[in-house]
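Engineer:
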Amino acid sequence: MKISKSYAEHYKWGDECCGWHLVKSPDLSIIEELMPSGTVEKRHYHQKAQQFFRILSGKATFEIDGETVVVDEGNGIHIPPKSVHRIRNDENVDLIFLVISQPTTRGDRFDLEE
Numbered sequence: 122m123k124i125s126k127s128y129a130e131h132y133k134w135g136d137e138c139c140g141w142h143l144v145k146s147p148d149l150s151i152i153e154e155l156m157p158s159g160t161v162e163k164r165h166y167h168q169k170a171q172q173f174f175r176i177l178s179g180k181a182t183f184e185i186d187g188e189t190v191v192v193d194e195g196n197g198i199h200i201p202p203k204s205v206h207r208i209r210n211d212e213n214v215d216l217i218f219l220v221i222s223q224p225t226t227r228g229d230r231f232d233l234e235e
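Heads up: the sequence shown begins at 122 in our numbering, then just goes up one per residue.
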């Protein structure tokens, strides 16, 4: 089945961030997300889900288990289950990326206090 962001389920999160569900099933989630400059998500972890982030445009700063990793456009990063993490956009341009989760993170996200 052909999938297009133009008709995918859209949602907003955080401070003006957006996501589009490209694949939404219990076993697999693929979302294209957009984070404006200066935005950051809450630190969290997933008990069961592993995730892979592929940066389509911009540069992402990840905090993973206390370490900072910068991922440039065209590259990606794997986040194993139970890893405390978050993504930030420290750049002056929008950050666009794919986040692939297996299984889905629905009901498997545990936010942490800042």
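From the three backbone atoms N, C-alpha and C, an ideal C-beta is built for every residue, glycine too. Predicted, not measured: the structure shown is a model, and the values here were computed from it.
#1: Does the beta-carbon distance from Cys-139 to Leu-155 come in below 8 Å?
#2: If Asn-210 sits next to Gly-187, beta carbons under 8 Å apart, how far is it from one beta carbon to the other, in whole angstroms?
#3: Could you check how far apart the C-beta atoms of His-165 and Glu-184 are, in whole angstroms? I think they sit under 8 Å.
#4: Within the continuous beta strand (DSSP E) that includes Gly-140, where are the two ends?
#5: By the three-class DSSP mapping on this structure, what secondary structure does Lys-126 have?
#6: Going by CA-CA distance only, name the one from Asp-232, Tyr-132, Gln-223 that's closest to Phe-174.
#7: Of the choices Ile-124, Ser-204, His-131, whose alpha-carbon is the least far from that of His-167?
#8: Ignore the nearest five residues each way along the sequence and tell me which others in Phe-231's own chain have a CB closer than 8 Å to its CB.
Structural biologist: The answer reads as follows:
#1: As a working mapping, residue 139 is identified with position 18 in the sequence shown. As a working mapping, residue 155 is identified with position 34 in the sequence shown. Result yes, Cβ atoms of Cys-139 and Leu-155 sit closer than 8 Å.
#2: Looking up residue 210 in the sequence shown gives position 89. Looking up residue 187 in the sequence shown gives position 66. The Cβ separation is near 20 Å, so there is no contact.
#3: By one-based count along the sequence shown, residue 165 stands at place 44. By one-based count along the sequence shown, residue 184 stands at place 63. The pair is not a contact, with the Cβ atoms about 11 Å apart (cut-off 8 Å).
#4: Locating residue 140 in the sequence shown gives position 19, where the first residue counts as 1. Note, Gly-140: beta strand (DSSP E), 138-145.
#5: What you label residue 126 is simply residue 5 of the sequence shown in a count that begins at 1. In the structure shown, Lys-126 sits in a helix (DSSP, three-state: H, G or I).
#6: For the purposes of this step, residue 174 is taken as residue 53 along the sequence shown, with counting starting at 1. Among Asp-232, Tyr-132, Gln-223, the Cα nearest to that of Phe-174 is on Gln-223.
#7: By 1-based counting over the sequence shown, the position of residue 167 is 46. The shortest Cα separation from His-167 among Ile-124, Ser-204, His-131 belongs to Ser-204.
#8: Taking the first residue of the sequence shown as position 1, residue 231 is located at position 110. Counting only Cβ-Cβ distances below 8 Å, and skipping sequence neighbours, we find His-165, Tyr-166, His-167, Gln-168.
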